[in-house]
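Chemist:
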Amino acid sequence: MSRFATMFDRLAARDEHAFVPFCVLGDPSPDETLPILLALCEGGADALELGIPFSDPVADGPTIQAAAGRALDAGTRPQDAFAIIARLRETQADIPIGLLVYANLLEARGMDHFYRRAHAAGVDAILVADVPTAEAAPYLKSAAANGIDPVMIATPNASDDELETIASMSRGFTYVVSRKGVTGTKVTAGTGHHTTVRQLASYGAPPALVGFGISTPEHVRSACSSGAAGAISGSAVVRLIASAQGETRHRALRDFVSEMKQATR
Numbered sequence: 080m081s082r083f084a085t086m087f088d089r090l091a092a093r094d095e096h097a098f099v100p101f102c103v104l105g106d107p108s109p110d111e112t113l114p115i116l117l118a119l120c121e122g123g124a125d126a127l128e129l130g131i132p133f134s135d136p137v138a139d140g141p142t143i144q145a146a147a148g149r150a151l152d153a154g155t156r157p158q159d160a161f162a163i164i165a166r167l168r169e170t171q172a173d174i175p176i177g178l179l180v181y182a183n184l185l186e187a188r189g190m191d192h193f194y195r196r197a198h199a200a201g202v203d204a205i206l207v208a209d210v211p212t213a214e215a216a217p218y219l220k221s222a223a224a225n226g227i228d229p230v231m232i233a234t235p236n237a238s239d240d241e242l243e244t245i246a247s248m249s250r251g252f253t254y255v256v257s258r259k260g261v262t263g264t265k266v267t268a269g270t271g272h273h274t275t276v277r278q279l280a281s282y283g284a285p286p287a288l289v290g291f292g293i294s295t296p297e298h299v300r301s302a303c304s305s306g307a308a309g310a311i312s313g314s315a316v317v318r319l320i321a322s323a324q325g326e327t328r329h330r331a332l333r334d335f336v337s338e339m340k341q342a343t344r
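Using this note's numbering, count along the sequence shown one by one with no gaps and you end on 344.
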């Protein structure tokens, strides 16, 4: 079984949902990232969703855009991101790890090469945020050939046919957007995803994780009550990373994850 499948089964047996923090690898620098990831794990994260910094992250709002900029300014490149993940795997062998990336990162290096490097580093799943289902076939083929679960993203305005296609393509989990727009705006999580989650389940999709606007325990509870398997929080985590340094930062991250995780029980 994959790490994601094992996690979902374990949580279901406990009547729990998953809490998954997101951050950008290399923010604020490559050397500082591993302690940040360890703090997230120590706080009780069930899985990690990680971004490789990219110059034009079109799905992301200003908070995560700024994090990507800091990481790029610090010299972070995909090889650095994979090295960080490989170091994390030395002590965190079981936690599921997903990547959220953009197509240019794969195209520039060769799709098979990228997926192969990701798998070797310890990545379980990859969501290519700017690839629609109509263009996804080569990504799905390469991911499968290299031991990576391809994750598709479902929006509240997706048609029934589109959701059925997403359900058939996704592996590991399905990323469900809670509302229209980009990450990290002042608009909080919506409720349009409730129907999306139910429809995906009816089509046999992998478990749904709800993201965009998840920044409080109440948002986590709402996501879980929709029938989703859990929630992903990105911009709130990134703001904490930017707001402090050293052990003060690590303590804030551990406390935040612990509080959000408690809301999944």
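Backbone N, C-alpha and C define an ideal beta-carbon position, used for all residues, glycine too.
Starting from Ser301 and walking both ways along the beta strand (DSSP E), at which residues does that stretch end?
Modeler: Run containing Ser301: none in the beta strand (DSSP E); it sits in the alpha helix (DSSP H), Pro296 to Ser304.
Chemist: With H, G and I counted as helix, E and B as strand and the rest as coil, what does DSSP make of Ile174?
Modeler: Correct three-state label for Ile174: coil.
Chemist: What first and last residue would you give for the beta strand (DSSP E) that runs through Pro114?
Modeler: From DSSP, Pro114 is part of no beta strand (DSSP E) but of the alpha helix (DSSP H) over Pro109 to Glu121.
Chemist: Look up Ala342 in the DSSP assignment and say whether it is helix, strand or coil.
Modeler: Looking at Ala342 - three-state DSSP - the assignment turns out to be coil, as it is neither helix nor strand.
Chemist: Using the Cα positions of His298 and His273, report the straight-line distance between them to the nearest angstrom.
Modeler: Between His298 and His273, the C-alpha separation is close to 13 angstroms.
Chemist: Consult DSSP for Thr142 and reduce its assignment to one of helix, strand or coil.
Modeler: Correct three-state label for Thr142: helix.
Chemist: Measure the alpha-carbon distance for Phe87 versus Glu243 and round it to whole angstroms.
Modeler: Taking the straight line joining both Cα atoms gives about 21 angstroms.
Chemist: Please state whether DSSP places Pro229 in a helix, a strand or coil.
Modeler: Strand at Pro229.
Chemist: Return the bridge partner residues of Tyr254 from the DSSP annotation.
Modeler: Ile232 and Leu288.
Chemist: According to the Cβ coordinates, are Tyr181 and Ala208 closer than 9 angstroms?
Modeler: Against a cut-off of 9 angstroms, the Cβ pair of Ala208 and Tyr181 comes out as a contact.
Chemist: For Glu169, count the other beta carbons within 10 Å of its own beta carbon; 16 or more makes it buried, fewer makes it exposed. Which is it?
Modeler: Exposed, since its Cβ has fewer than 16 Cβ neighbours within 10 Å.
Chemist: Tell me whether the region 149-162 and the region 98-107 touch, counting them as touching only if at least three CB pairs, one residue from each stretch, are closer than 8 angstroms.
Modeler: Verdict: yes, contact present.
Chemist: Just to confirm the assignment, what range does the alpha helix (DSSP H) spanning Ser247 have?
Modeler: Looking at the DSSP string, the run of the alpha helix (DSSP H) that includes Ser247 is Asp239 to Met248.
Chemist: Starting from Phe98, follow the beta strand (DSSP E) in both directions and report where the run begins and ends.
Modeler: Ala97 to Val103 is the extent of the beta strand (DSSP E) around Phe98.
Chemist: Could you tell me how far apart the beta carbons of Phe98 and Phe252 are, in whole angstroms, since I believe they sit closer than 8 angstroms?
Modeler: Actually they do not touch by this definition, with Cβ atoms about 13 angstroms apart.
Chemist: Taking just the CA atoms, how far does Met190 sit from Pro217?
Modeler: About 9 angstroms.
Chemist: One question on the structure: do Leu206 and Tyr282 come within less than 9 angstroms of each other, judged by their Cβ atoms?
Modeler: It is not a contact, given that the beta carbons lie outside the stated cut-off.
Chemist: Short of 7 angstroms in beta carbon distance, which residues of its chain neighbour Gln171, apart from the five on each side in sequence? Order them along the chain.
Modeler: Here the set comprises Cys120.
Chemist: On the three-state DSSP scale, how would you describe Asp323?
Modeler: Going by the sequence as given, residue 323 is Ala instead of Asp. Ala323: coil per DSSP, three-state reduction.
Chemist: Taking only three categories from DSSP, how would you classify Val276?
Modeler: Of the three classes helix, strand and coil, the one that applies to Val276 here is helix, per DSSP.
Chemist: Have a look at Arg156, Ala197, Asp125 and Arg195 and flag the residue whose alpha-carbon is nearest the alpha-carbon of Asp173.
Modeler: Checked all of Arg156, Ala197, Asp125 and Arg195; the closest Cα to Asp173 is Asp125.
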